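J.: This is the structure I have questions about; it appears just below.
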Amino acid sequence: MKTETKWLGMILICTLILLFGGIFLLTRGNPLEVVDGATVFQIDYSRGQKIGSDSAKVRIVEFSDFECLACAAVESYVARLRAADPNKIQFIYRHFPLSQHVHSSQAAALAEAAGEQGKFWEMHDKLLETQARWSSMNDATSFFMDLVKELGLDEDKIKQAMAGNVIKAKIDSDAAEGNSLGISQTPTFFVNGRKLDLQKFEDLDTLVEQELKK
Amino acid sequence: MISSNLSNRFIFVLSLLGLFVSSFLFYEYNLQGSVICPIGTGCNVVRTSSYSSFIGISIPFLGMLFYFAMAILSVAHAQKTFNNLLFRLKLLISLSGVGFGIYLTFLEIFVIKAICFWCVLSFIISLAILLSVILDENRN
Chain A
5 MKTETKWLGM ILICTLILLF GGIFLLTRGN PLEVVDGATV FQIDYSRGQK
55 IGSDSAKVRI VEFSDFECLA CAAVESYVAR LRAADPNKIQ FIYRHFPLSQ
105 HVHSSQAAAL AEAAGEQGKF WEMHDKLLET QARWSSMNDA TSFFMDLVKE
155 LGLDEDKIKQ AMAGNVIKAK IDSDAAEGNS LGISQTPTFF VNGRKLDLQK
205 FEDLDTLVEQ ELKK
Chain B
8 MISSNLSNRF IFVLSLLGLF VSSFLFYEYN LQGSVICPIG TGCNVVRTSS
58 YSSFIGISIP FLGMLFYFAM AILSVAHAQK TFNNLLFRLK LLISLSGVGF
108 GIYLTFLEIF VIKAICFWCV LSFIISLAIL LSVILDENRN
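Protein sequence lines, in the order shown, are assigned to chains A and B.
The numbering used here puts the first residue of the first sequence at 5, with every later residue one more than the last.
The numbering used here puts the first residue of the second sequence at 8, with every later residue one more than the last.
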């Protein structure tokens with residue numbers, strides 16, 4: 005065997021040992037840790053779209069973006085939490101439109117405008133259900149207006165609200181709070197003020213159950 | 008054109024680098040929570056998309072297999088036997104790697120609409136590997 009073959013072979017074996025050893029060491033004795041540290045973040049619970057009582061034992065805040073794929077993917081888990089006992093679980097939706105998503109802010113404004121007519125959650129669900137259709141459009145306005153009609157909302161009022169400053173300020177303040185909480189991605193969940201570091205979406209259920217048992 | 012020895016060493020070093028990147032991603036995808044993204048915020052979006060696995064196999068694992076195969080081939084090629092066969096295998100595997108990388112990059116830009124730093128880095132490494140294979144002056 006040539007010297008070079010021996011050297012390269014040895015380096016490769018050492019690299020493999022280093023990599024697999026590293027992965028093994030990093031995972032050993034490191035059980036499921038869904039809470040990102042023990043820090044309890046001070047969140048402004050007066051803001052956002054809420055379901056459930058303010059005195060609920062578990063308060064979940066989701067910072068989300070209607071155009072983000074993961075936010076649509078997590079929806080089935082979130083929907084279960086929203087449908088849970090409102091005296092035990094409060095769910096709060098906050099906007100965090102990411103700059104790389106062109107329709108995010110418009111979608112957030114649409115949901116808020118629908119909220120002014122009492123249909124935030126209906127629009128929220130519609131937007132996430134149809135995300136794949138409108139996210140690829142250059143201009144999603146007419147598609148959004150179809151959703152408005154579908155939900156039986158007043159189109160003129162929606163347009164007015166979306167063009168106004170109130171909703172824009174609301175979304176901007178959500179995003180600003182998200183930034184101050186150190187959020188860099190969506191969806192980001194806080195359960196009783198503790199930021200979750202989800203490995204998989206099922207962990208959301210697990211942690212909420214743990215909190216309920218406390 | 009570069010000497011066969013140099014080309015082979017380049018491929019070896021790049022494969023090790025690729026192994027580190029794909030192992031890190033494998034760890035982050037399967038064992039950790041959110042992916043650390045040094046540039047941009049797309050890593051998690053890509054990870055949680057339905058394209059993070061291919062026929063049920065996680066993409067970073069496929070990356071690990073690719074770089075491991077390239078590293079093994081360059082170790083074998085250093086022996087200077089079966090040169091022709093090893094060169095063809097290196098070309099075939101690196102072409103497949105780059106082809107798959109093009110497909111994944113296309114998905115990131117046009118379908119997922121989020122760019123993952125580590126995926127781009129891995130794609131660049133696979134391109135550099137292919138380039139090193141092509142530039143080998145002793146192609147047979």
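Here a beta-carbon is modelled for each residue, glycine too, at the ideal position from N, C-alpha and C.
This structure is a prediction, so every number in the text was calculated from the model and none was measured.
1. If the cut-off is 7 Å on Cβ atoms, which residues from the region 195 to 213 of chain A count as contacting chain B, listed in chain order?
2. Could you tell me whether the region 72 to 89 of chain A touches the region 156 to 165 of chain A, where touching means 3 or more Cβ pairs closer than 8 Å?
3. Which parts of the region 167 to 197 of chain A are runs of the beta strand (DSSP E), unbroken and 3 residues or longer, counting only runs that do not cross its ends?
4. Taking just the CA atoms, how far does A/I187 sit from A/Q94?
5. With distances taken from CA atoms, which of A/R198, A/H128 and A/L102 is nearest B/A121?
6. Please state the DSSP three-state secondary structure of A/Q4.
7. Could you work out which residues of chain B lie near A/T134, taking near to mean beta carbons separated by less than 8 Å?
8. What three-state label does DSSP hand B/T88 in the structure shown?
9. Any beta-carbon of chain B closer than 8 Å to the one on A/L79?
10. With A/Y97 as the anchor, note down where its beta strand (DSSP E) starts and where it stops.
11. Is the beta carbon of B/I100 closer than 8 Å to that of B/A135?
12. For A/V38, which three-state DSSP category applies?
13. Apart from the five residues on each side of it in sequence, which residues of its chain come closer than 6 Å, Cβ to Cβ, to A/I21?
14. Given that B/I46 touches chain A, what residues does it touch there, using C-beta distances under 9 Å?
15. Against chain B, with Cβ distances strictly below 8 Å, would A/G182 count as a contact?
16. Beta-carbon separation of A/I64 and A/F193 under 8 Å?
17. Would you say B/Y36 and B/S65 are within 8 Å of each other, going by their C-beta atoms?
18. According to DSSP, is B/S60 part of a helix, a strand, or is it coil?
19. Return the CA-CA distance between A/E66 and B/G25, expressed in angstroms with no decimal places.
20. If you reduce the DSSP assignment to three classes, tell me which class A/Q46 lands in.
21. Please compile the residues from chain A whose C-beta is within a distance smaller than 7 Å of the C-beta of B/A78.
22. Any beta carbon from chain B within less than 8 Å of A/G52's own beta carbon?
23. For the region 160 to 173 of chain A and the region 40 to 55 of chain A, state whether three or more C-beta atom pairs, one from each stretch, are separated by less than 8 Å.
24. For the alpha helix (DSSP H) holding A/Q135, just list the boundary residues, first then last.
25. Which residues of chain B have a Cβ atom closer than 7 Å to the Cβ of A/T9, listed in chain order?
26. Counting only beta-carbon separations shorter than 8 Å, does A/T230 have a partner in chain B?
27. Since I believe A/L202 is in contact with A/L208 (beta carbons under 8 Å), could you give me their beta-carbon distance rounded to a whole number of angstroms?
28. Nearest chain B C-beta to A/M5 closer than 8 Å, yes or no?
29. Identify the continuous alpha helix (DSSP H) that holds A/R84 and give its terminal residues.
30. Please classify A/I17: is it buried, with 16 or more other beta-carbons within 10 angstroms of its beta-carbon, or exposed?
31. Measuring only between beta-carbons, confirm whether A/A221 sits less than 8 Å from chain B.
32. Between which residues of its own chain and A/G56 is the CB-CB distance below 7 Å, once the five residues before and five after are set aside?
33. Is there at least one Cβ from chain A nearer than 8 Å to B/S30's Cβ?
T.: So, from the data block:
1. Listed by position along the chain: D201, L202 and Q203.
2. Two segments are said to touch when three or more pairs of C-beta atoms, one from each, lie closer than 8 Å; by this definition the region 72 to 89 of chain A does not touch the region 156 to 165 of chain A.
3. Every beta strand (DSSP E) of 3 residues or more that sits fully in the region 167 to 197 of chain A is shown, in chain order, as 192 to 195.
4. Residue numbering aside, residue 94 of chain A sits at position 90 when the first sequence is read from its first letter. Residue numbering aside, residue 187 of chain A sits at position 183 when the first sequence is read from its first letter. Distance between the alpha carbons of A/Q94 and A/I187: 21 Å.
5. Counted from its first residue, the second sequence places residue 121 of chain B at position 114. Taking each of A/R198, A/H128 and A/L102 in turn and checking the Cα distance to B/A121, the smallest one comes out for A/L102.
6. Missing from the structure shown is residue 4 of chain A; chain A here goes from 5 to 218 and no further.
7. Here residue 134 of chain A corresponds to residue number 130 of the first sequence, with the count starting at 1. Chain B residues near A/T134: none, gap ~16 Å exceeds 8 Å.
8. Residue mapping note: residue 88 of chain B aligns to position 81 of the second sequence, counting from 1. Looking at B/T88 - three-state DSSP - the assignment turns out to be coil, as it is neither helix nor strand.
9. On the first sequence, position 75 is the one that residue 79 of chain A refers to. Note on residue identity: the sequence assigns Glu, not Leu, to residue 79 of chain A. It does not: the Cβ of A/E79 has no partner Cβ on chain B nearer than 8 Å.
10. As a first step, residue 97 of chain A is located in the first sequence; it is residue number 93 there, counting from the start. Counting along the chain, the unbroken beta strand (DSSP E) around A/Y97 starts and ends at I93 to H99.
11. Here the question's residue 135 of chain B lines up with position 128 in the second sequence. Here the question's residue 100 of chain B lines up with position 93 in the second sequence. No, these two residues do not count as a Cβ contact at 8 Å.
12. Your numbering for residue 38 of chain A matches position 34 in the first sequence. Low per-residue confidence applies at A/V38: pLDDT is 49, beneath 50, and the placement is therefore not dependable, though the value from the model is reported in the following sentence. Correct three-state label for A/V38: coil.
13. Taking the first residue of the first sequence as 1, we reach residue 21 of chain A at position 17. Non-local beta-carbon contacts of A/I21 in its own chain, meaning distances under 6 Å to residues more than five positions away in sequence, are absent.
14. One-based indexing of the second sequence puts residue 46 of chain B at position 39. Against B/I46, chain A offers no close residue; the least beta-carbon distance is about 12 Å (beta-carbon pairs closer than 9 Å).
15. In the first sequence, the residue the question calls residue 182 of chain A occupies position 178. Proximity of A/G182 to chain B, defined by a Cβ-Cβ separation below 8 Å, is not satisfied.
16. Here residue 64 of chain A corresponds to residue number 60 of the first sequence, with the count starting at 1. Here residue 193 of chain A corresponds to residue number 189 of the first sequence, with the count starting at 1. Note that the C-beta distance between A/I64 and A/F193 is below 8 Å.
17. Your numbering for residue 36 of chain B matches position 29 in the second sequence. Your numbering for residue 65 of chain B matches position 58 in the second sequence. Yes.
18. Stepping through the second sequence from its first residue, residue 60 of chain B is reached at position 53. When secondary structure is reduced to three states using DSSP, B/S60 falls in the strand class.
19. Along the first sequence, read from residue 1 onward, the residue named residue 66 of chain A stands at position 62. Along the second sequence, read from residue 1 onward, the residue named residue 25 of chain B stands at position 18. The straight-line gap separating the alpha-carbon atoms of A/E66 and B/G25 is approximately 35 Å.
20. Here residue 46 of chain A corresponds to residue number 42 of the first sequence, with the count starting at 1. Reduced to three states, the DSSP call for A/Q46 is coil.
21. Numbered from 1 along the second sequence, position 71 holds the residue referred to as residue 78 of chain B. Residues of chain A whose Cβ lies closer than 7 Å to the Cβ of B/A78 are, in chain order, L16.
22. Position 48 of the first sequence, counted from the first residue, corresponds to residue 52 of chain A. Taking 8 Å as the CB threshold, A/G52 stays off the interface with chain B.
23. Contact between the region 160 to 173 of chain A and the region 40 to 55 of chain A is absent: fewer than three C-beta pairs spanning the two stretches fall below 8 Å.
24. Position 131 of the first sequence, counted from the first residue, corresponds to residue 135 of chain A. In the DSSP assignment, A/Q135 falls within the unbroken alpha helix (DSSP H) covering Q135 to W138.
25. Residue mapping note: residue 9 of chain A aligns to position 5 of the first sequence, counting from 1. Near A/T9 (Cβ distances below 7 Å), the residues of chain B are V82, A85 and Q86.
26. Given a span of 5 to 218 for chain A in the structure shown, any question on residue 230 of chain A remains unanswerable.
27. Position 204 of the first sequence, counting from 1, holds the residue named residue 208 of chain A. Position 198 of the first sequence, counting from 1, holds the residue named residue 202 of chain A. Contact flag correct, Cβ pair sits at about 6 Å.
28. As a first step, residue 5 of chain A must be located in the first sequence, where it is residue number 1. Interface residue, yes.
29. For the purposes of this step, residue 84 of chain A is identified with residue 80 of the first sequence, where counting begins at 1. According to the DSSP assignment, A/R84 belongs to the alpha helix (DSSP H) that extends over E79 to R86.
30. Taking the first sequence and counting its residues from 1, one reaches residue 17 of chain A at position 13. Residue environment: A/I17 is assigned as exposed (fewer than 16 neighbouring CB atoms within 10 Å of its CB, all protein chains considered).
31. With chain A covering 5 to 218 only, the question about residue 221 of chain A has no answer from this structure.
32. To locate residue 56 of chain A, count along the first sequence from 1; it is residue 52. Counting only Cβ-Cβ distances below 7 Å, and skipping sequence neighbours, we find P90, I93, Q94 and F95.
33. Residue mapping note: residue 30 of chain B aligns to position 23 of the second sequence, counting from 1. It does; some Cβ of chain A falls within 8 Å.
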